[in-house]
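In this note's numbering, the protein residues as written are 3 to 306.
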Amino acid sequence: MKKAESIMMAAEAFAENYGKEPLFQPRHGKEMPKRAAVIQFIRDLRQIMFPGYFGEDSMRKIDSEHFATYRINHLYDVLKREVETAIWYMEEGKTKEEVEIEAERICSEFFVELPDVQRILLTDVQAGYDGDPAAKSKEEIIFCYPGLLAIYVYRVAHILYEKKVPLIPRIMTEYVHGRTGIDINPGAEIGEYFFIDHGTGIVIGETTKIGKYVKLYQGVTLGALSTRDGQQLSGVKRHPTIEDHVTIYSNSSVLGGETVIGENTIIGGNTFITRSIPANTKVSAKSPELVIKSPKKHAWDWED
């Protein structure tokens, strides 16, 4: 088979698939939000939230208010365009004018709330520094820690999730999931002074509630007991509640919407928890017995 023939056959088959599958056809000719624009927004916004760390602007040193005004003006227009597009695409029955008014309201409220998000993020930075003896400075936390990046994106996306913006919050959190291996659903509720140590493999489900001063290590799952009923579970609390001052060590799973981990509790590594744990408790998995053998003359020979 020659190149031209194979291309034509593939193109015809793709065209047939496009015609059959509604997901491949724009809803009434509407465009979807641009994923690249949403990701660039979250990158650019980080320059406002952590000025001087992820891009330099000489104006900030001269006039910090002018710096913020200039940056916010641009980002406001970007976000409003994508929010408007997402609402227009997903929500039928609204006029274009109604969508524009709703997008304007959402963006206005979003930027007014951002300074408080910045304040909370600084508590997360402090939690990272206080909780990790390997951290040499709080600057290192901001520059280098994937956990803080995931928390930053989550906190921004959570505002839009709360305002019921479709698509965009999940685009944001899945972008950082791919960057860090940390999967925080934008619907989760997370208090101040939150620290993720190492981070890879952490999963925090949509209806999880986390209090203040909580610390998670790599591989922790805060998940649902079962999602067998699929969409029937939408809006139902199916993920656990973690109260204040809780530490959960690596590769532990805490599952279920009725599961509550009481304050000041320590959950040891490799545990599997499906029921509530009272406050001021230490939980550990019984470790298998270790067998230690002495080497013979050669490192690859071992005594029984």
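Note that the Cβ used here is the ideal one computed from N, Cα and C, for glycine as well.
Every value quoted in this text rests on a predicted model; they were computed, and no experiment measured them.
Whether residue i touches residue j by CB criterion (9 angstroms)
i	j	result
VAL80	PHE43	yes
ILE212	LEU224	yes
ILE269	VAL248	yes
GLY259	THR283	no
THR182	THR210	no
ILE122	VAL167	no
SER252	VAL285	no
ILE186	ILE153	yes
THR267	SER254	no
GLU111	LYS36	no
GLY193	ARG240	no
Close Cβ partners of residue i (< 7 angstroms) along its chain, the five nearest in sequence each way excluded
i	result
ALA1	What is shown of the chain runs 3 to 306, which leaves residue 1 out entirely.
ASP46	LEU77
ALA105	LYS82, VAL85, GLU86 and ILE89
Residue i - DSSP class collapsed to helix/strand/coil
i	result
ASP185	strand
ILE204	coil
HIS218	Note that residue 218 corresponds to Leu in the displayed sequence, not to His. Three-state result, LEU218: strand.
GLY225	strand
TRP304	Because TRP304 carries a pLDDT of 48, less than 50, the predicted location of this residue cannot be relied on, and the following value inherits that uncertainty. Strand, per DSSP.
ILE153	helix
ASP118	helix
ARG197	For the record, residue 197 in the displayed sequence is Phe; it is not Arg. Strand, per DSSP.
THR175	helix
VAL158	helix
VAL127	helix
LYS295	coil
LYS140	helix
Bridge partner(s) assigned by DSSP for residue i
i	result
LEU25	Note: LEU25 sits in no beta bridge, so no partner.
VAL40	Bridge partners of VAL40: none, in fact.
LEU257	GLY225
GLU191	LYS211
VAL310	No information on residue 310 is available, as it lies outside the stretch 3 to 306 that the chain covers here.
LYS284	ILE268
Close Cβ partners of residue i (< 6 angstroms) along its chain, the five nearest in sequence each way excluded
i	result
ILE275	VAL256
TYR215	TYR195, ASP246 and HIS247
ARG48	PHE56
PRO188	ALA159, HIS160, TYR163, PRO171 and THR175
Short CB-CB distance (under 9 angstroms) between residue i and chain C
i	result
PHE69	In the structure shown, chain C cannot be found, because there is only a single protein chain.
Cβ shell of residue i (< 8 angstroms), same chain only, five flanking positions each side left out
i	result
VAL101	GLU86, ILE89, TRP90 and GLU93
GLY31	none
Between the region 104-121 and the region 147-165, do at least 3 Cβ pairs fall closer than 8 angstroms? Proximity of the region 104-121 to the region 147-165 meets the contact definition, three or more beta-carbon pairs being nearer than 8 angstroms.
Does the contact criterion of 3 or more C-beta pairs under 8 angstroms hold for the region 171-180 versus the region 89-103? Because the criterion of three Cβ pairs below 8 angstroms is not met, the region 171-180 and the region 89-103 do not touch.
Cβ contact check for the region 184-203 and the region 141-149: 3 or more pairs under 8 angstroms: In short, these stretches touch, since the Cβ pair count reaches three.
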